[in-house]
Amino acid sequence: MEHKITRESGGKYEMSYIQPKCSCGWIGDKFFAYNDYQMTLVNECESEHLNKVREQNREG
Numbered sequence: 198m199e200h201k202i203t204r205e206s207g208g209k210y211e212m213s214y215i216q217p218k219c220s221c222g223w224i225g226d227k228f229f230a231y232n233d234y235q236m237t238l239v240n241e242c243e244s245e246h247l248n249k250v251r252e253q254n255r256e257g
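In my numbering, each residue carries its 1-based index in the sequence shown increased by 197.
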């Protein structure tokens with residue numbers, strides 16, 4: 198299965214958020230704009246998901 202990551206966004210001002218989602222059905226956490234590391238955390242979350250998928254593919 199190909200894993201395609203998309204990002205959902207919503208909210209307003211400091212409560213605006215980005216939430217990563219994958220075509221496999223995985224939904225990541227919401228990361229809010231009031232967090233100075235919002236984009237870093239989104240990128241790390243996406244990478245962790247893809248790394249777990251790669252590990253599972255190697256094992257089985």
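All residues carry an ideal CB built from backbone N, CA and C; glycine is no exception. All of these numbers come straight from a predicted model, not from anything done at the bench.
At a Cβ-Cβ threshold of 8 angstroms, Glu243 and Gly257 do not count as neighbours.
Partner residues in the beta bridge of Gln216, as assigned by DSSP, are Glu205.
By the Cβ-count criterion, Tyr214 is buried, with 16 or more other Cβ atoms from all chains shown falling within 10 Å of its own Cβ. Between Met212 and the set Glu205, Phe229, Asn248 and Lys201, the nearest pair of CA atoms involves Phe229. Taking His200 as the centre and dropping the five residues before and after it, the same chain places the C-beta of Cys219, Ser220, Cys221, Leu247 and Val250 closer than 7 angstroms to its C-beta, in chain order.
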